[in-house]
Structures are given as structure tokens and as C-alpha cells.
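Number of protein chains: 2
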Amino acid sequence: MSSKPVTPDSPTPSFSPLYLQIKGLILQSLHAGEWKPGDPIPSEMDLAARFHVSQGTVRKAIDELAAENLVMRRQGKGTFVATHAEHHVQYRFLKLVPDEGTPDSEGPAQRRIVDCRRQRASAEVARALALRSGDPVLQVRRVLSYAGVPTILEDLWLPGAPFKGLTAERLTQWHGPMYALFETEFGVRMVRAEEKLRAVVPDAEQAALLDVSRDTPLLSVERVAHTYHDTPMELRRGLYRTDTHHYRNDLG
Amino acid sequence: MSSKPVTPDSPTPSFSPLYLQIKGLILQSLHAGEWKPGDPIPSEMDLAARFHVSQGTVRKAIDELAAENLVMRRQGKGTFVATHAEHHVQYRFLKLVPDEGTPDSEGPAQRRIVDCRRQRASAEVARALALRSGDPVLQVRRVLSYAGVPTILEDLWLPGAPFKGLTAERLTQWHGPMYALFETEFGVRMVRAEEKLRAVVPDAEQAALLDVSRDTPLLSVERVAHTYHDTPMELRRGLYRTDTHHYRNDLG
DNA sequence: TAGTGGTCTAGACCACATA
DNA sequence: ATGTGGTCTAGACCACTAC
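If you read the sequences in order, they're chains A and G.
The numbering of the first sequence is the UniProt record's numbering, which starts it at 1 and goes up by one.
The numbering of the second sequence is the UniProt record's numbering, which starts it at 1 and goes up by one.
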């Protein structure tokens, strides 16, 4: 190599291996939208030349990104920006599966938008989305049904700015994972999420929407979904009926 | 290298890269108990010599084992067989955390063995544990409390043979994760588990043990834990109170 | 045929732990 | 000082895909 790698052997305050620095640079390009979801990123050789490191170092950086589901490798073809629209990984974040039969990878058979309105963030919503109280947010309520049976009631809060232009119509017309809509229409890619689960009983309105009695125990799933750099971009509260379905979790 | 690697370039029916074959061999040694939980496995150089491959190939095999939490690397010291007794990863499989305060890594403050008996496997238990109906199993029921509040009611079923000699006394006297007891006393290391979560209401006995009313919604967690080679070794049904705690899950 | 990612090797050097 | 795992490189060859 004629030129030095990204960081010369200068005394860095906090040491970071080369491949992690490369990973960070690739992450930046992903975040900046240099390559769109579904697109191929440059080949390992190209990236190696661009960053003035060896192909093996780029490989290790991409290995980690692939392990975190940020990119997807396909032998002989290239490395691609991961997307929620991929048939392979559709509904990655939905862990409710039917007790019997196939895992139902097609997703909910029927969706109904109950409500969709712009409003100001409550203190609680603001905290979850790293906004200030009163900032504009979009609230959505919808019901998902399997085989005609209402099974999931979801309330969503989205920050207003990135999702400007999202309406009930857009949501109704869209078929496929909502996170795929966010990617293609708003450039927001959800990368990671954390959920808090509780057993609860519904209030009157919730019970009516799910067609259950008020003493039916339901699974409450509160999710905060993040885009790149751990920026929270969605708060979602789900109420799941678990009489015919269950929440499946694998512990490694 | 003077001698050939594990498998010569013969036409294998199903192709498997060298490092995966090495991984399989290391797995076999782990399963056979050649190295006990907490012990160091041979160095990468030693394993490379033993299997007649390069150190880099061994490294890739160990990388995968480390990613699956089967071994743990410690720079400068060596690679160690993972264990549930490690302070660092204690209670890996327990995802119930308090709503407020620290994640409480110390585990439940108080445990009480309610019942512990040998009996014959029902059809359902037999199916989960890959036994035959009527095979001997050990059933345990216990209550875990935080700050004096009964929070978790657990029913466990264990295959009789591997756990011969396990009694209520042994369980009561043991302090620390139950899975650590299984490792040190019975040589059974739990490697992976899958859980099915539902919202339920307790029966009279369950309600009494958890000190809640019969209409309190509870989180039901049915877990099947596996040892090496995906052999199921435990069926566990937990009932979690979620008024002060919640089940935390991270989606990658 | 050419280009991609996947495997395997060999050697150098770094960071960390222990004696 | 020695041995461990961690990083980085360079080059060879294999497997898959597309043209």
C-alpha cells in the first residue's frame, strides 16, 4: 500500500481495530442512504481499495454487519442492503405464531386501520421516541385478523417529521409489512427493536375491537423500534390474543 | 502439512467446509465431556495440530461456537467451555426484569421448593422430552420471590435417567442458578431453549401460591431447554406476575 | 469467461495475562 | 519471557451466478 489506512498508527484515545473502523464507515454510508435497501453494496475488493485496507479486513467488517442483519450476502452475486421487503425475512419482528399448523409466514390475512391522526407527543411517547413533549407525532391504531378473527390490536406512535405524508389511505392501500412501507416511502429502515411483555386485561374499547370479554387475559407487547445508530423511530403497543396463537421466542 | 486434513478431497455426498467439520469435532468433545464447563479447551495452535489444519481454520470453527455461547474466549488466557455458573452470564434464560431499578442480575432473592416427586411421563411431557409415555420423570414445583413478593411459579419436568439422585434437599441447599447445578452435579449443560408465551389466568392453587386473585392476568412461559445436539432435557412451565416486572426481549 | 463471495493457508505483529 | 487470543495482510483456490 502506498497510502496509509484510515487511521495511522497514531496514539488514538480509545483503540479500535481497523475492521471496526471500516464497519463504522460502511454503517455511515448505509445510514446516509448511499445504497438503498435491496441494492448491492460495492464488492469486497472495491471497498478494500476505497478504504485502503485488505479484502480480509473488509470481509470481517461485513461479517459483523451481516450478523446484525444489516446486510445480506449472496454467494456469487454480492452483498445487499437488508430490507423488510425480502420474502425471506418478512415480518422479522412479529413473533406471534399459530399454535397449530404452519408458521403462517404470509403475515396477517386482514388489516383494518381504525384510526390515524396527527397529534402532540405526550411525555411518555416523547421519552420513548427521544422527542420533546408536544412535538408532532403520528398515531395509528389498527387491528390485524387471522382467518377473520381479530387477533392483534396495535397502537403506533411515529415521529412526525420523518413520516410527513403518511395517511390512513397510504396504510390501507399498502399490502405487505409496514416496515417495508417505511423503507420505500420514507427511507426509514428499522434495524433493531426491544420489547416489554406483560399479561393484562383490556379496557372496554380494546375488548370490543378484539371481540373478547373484558376479563380475557391478553399479551401486551410494548416495542420501541430503532433505525441506524440506535435512533428510536417507533413506539408500538400491541395487544395479542393468545387463545389460538402464542409468542415464540428462542433463547441462545 | 505432511498428512491430509480430516477429510481428503474425496467426493463427499454433502459438501461441508473444513472449519465446519472441525466445529463438529470440537462439539463432539464438548458433548463427550472431554472438557468440563468452566475448563479451558486446548489452544488454537494445539487444536490445529491435532486436526492437521491451520490455526485460522480452527479459529473460524471456534468463532462459531463462541457466537452460539458454547465456549467463551478470554484474550491472553484461552478459550473456555461456557457455563451457567459464570457470574457474567448467570440466569441467561430468565428474561423477567423489574420495571424500575437495576436489572437485578443477582436472580431471585428467595426460592421455595413446593413439590419434588418422581412419576411417569404423561403423553404431553413425553413428547416434549422425546421420551415414551410412562417413562420416569422428575417433577418439581417451586416459587421464586423478589423482595418477599412471590413472582414466579415454576413447574419443571426432567427426564429421570440423567437426573437420578436429584431431590428436594439438593435443590433447597443449592444457591445459584439451577442450570449451574445441572452442570456440576449431573453433567447436563443447557445450551439452547425455546419458549412459548401466553397470557392466562391462574387456577385456584396457582393463585394461592402467587398470592394473587384468580382474575389476575399472568404471563405463561412454556420452555423446552436443550443440551448438545438439540436433545431436549427439560420442560418448564412458568407463571410470571407482571405487575412489577416484565419480560424483556431484544429483536435483532 | 469473468466477477462475486467462501474457504484455507501462512506469517507477522499487537494486546493481554501470568509467571 | 512466554503463551494466549486478536488483528491484519496476501495469495491461492473453490463454488456460485450471470453473461
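Cβ coordinates follow ideal geometry from the N, Cα and C atoms, glycine included.
Note on geometry: alpha-carbon atoms of A/Ser16 and A/Thr102 lie some 45 Å from one another. In the structure shown, A/Lys196 adopts extended strand secondary structure according to DSSP, grouped into three states. At a cut-off of 9 Å between beta carbons, A/Leu144 makes no contact with chain G. Contact between the region 179-190 of chain A and the region 220-240 of chain G is absent, with fewer than three C-beta pairs closer than 8 Å.
Minimum Cα-Cα distance from A/Thr244 among the listed residues A/Arg73, A/Leu138, A/Val149, A/Val58 corresponds to A/Val149.
Contact residues of the region 217-240 of chain A toward chain G are Pro217, Leu218, Leu219 (C-beta to C-beta distance below 7 Å). Bounds of the alpha helix (DSSP H) holding G/Val58 are 55-67. Counting along the chain, A/Glu86 sits inside no beta strand (DSSP E), nor does DSSP assign it H or E at all.
Look at A/Thr172 here: in three-state DSSP terms it is helix. Using beta-carbon distances, G/Lys95 counts as an interface residue toward chain A, with a partner under 9 Å. Within 10 angstroms of the beta-carbon of A/His84 lie 16 or more other beta-carbons, which makes it buried. Those residues of the region 192-214 of chain G placed with their C-beta closer than 9 Å to a C-beta in chain A are Arg192, Ala193, Glu194, Glu195, Lys196, Leu197, Arg198, Ala199, Val200, Val201, ordered along the chain. For A/Val201, there is no enclosing beta strand (DSSP E), as DSSP marks it with neither H nor E. Counting the other Cβ atoms within 10 Å of the Cβ of A/Lys95 gives 16 or more, which makes it buried.
Using beta-carbon distances, G/Gly101 does not count as an interface residue toward chain A, since no partner is under 9 Å. Every beta strand (DSSP E) of 3 residues or more that sits fully in the region 99-168 of chain G is shown, in chain order, as 110-120, 136-146, 149-159. Residue contact with chain A for G/Tyr247: present (Cβ-Cβ distance below 9 Å to some residue of chain A). By alpha-carbon distance to G/His229, the top candidate from G/Arg192, G/Leu219, G/Val212 is G/Arg192. With a cutoff of 9 Å on beta-carbon distance, G/Arg248 and G/Glu222 are scored as not near each other.
If you compare the alpha carbons of A/Asp115, A/Ala61, A/Glu64, A/Val125 with that of A/Gly134, the shortest gap goes to A/Val125.
Judged by DSSP in its simplified three-state form, A/Met190 adopts coil rather than helix or strand. In the structure shown, G/Ser220 falls within a strand segment according to DSSP collapsed to helix, strand and coil.
Against chain G, the beta carbon of A/Asp250 has neighbours under 9 Å at Arg192, Ala193, Glu194, Glu195, listed in chain order.
For G/Tyr19, the enclosing alpha helix (DSSP H) begins and ends at 18-32.
Contacts between A/Glu68 and chain G, judged by CB atoms closer than 7 Å, involve Gly252 in chain order. Annotation for A/Asp46: the continuous alpha helix (DSSP H) segment containing it runs 44-51.
Inclusion of G/Ala147 and G/Pro136 in the CB contact set at 9 Å is not warranted, their separation being larger than that value.
With a threshold of 9 Å between beta carbons, G/Arg92 makes contact with chain A.
Selection G/Leu18, G/Arg118, G/Tyr240 evaluated against G/Gln206 yields G/Tyr240 as nearest (Cα-Cα). For A/Pro232, the uninterrupted beta strand (DSSP E) run begins and ends at 231-240, by DSSP.
Under the 10 Å beta carbon count, G/Ser43 is surrounded by fewer than 16 other beta carbons and is classified as exposed. Rounded to the nearest angstrom, the Cβ distance from G/Pro202 to G/Arg214 is 6 Å, consistent with a contact under 8 Å.
Under the criterion of beta carbons closer than 8 Å, G/Ile62 and G/Pro108 do not qualify as touching, at roughly 34 Å. Assignment of beta-bridge partners to A/Arg74 by DSSP yields A/Gly78. In the three-state scheme derived from DSSP, where H, G and I count as helix and E and B as strand, A/Leu181 is classed as helix. Residues of the same chain with a CB within less than 7 Å of the CB of A/Thr227, apart from the 5 flanking positions on each side, are Val188, Arg189, Met190, Val191, Met233 in chain order.
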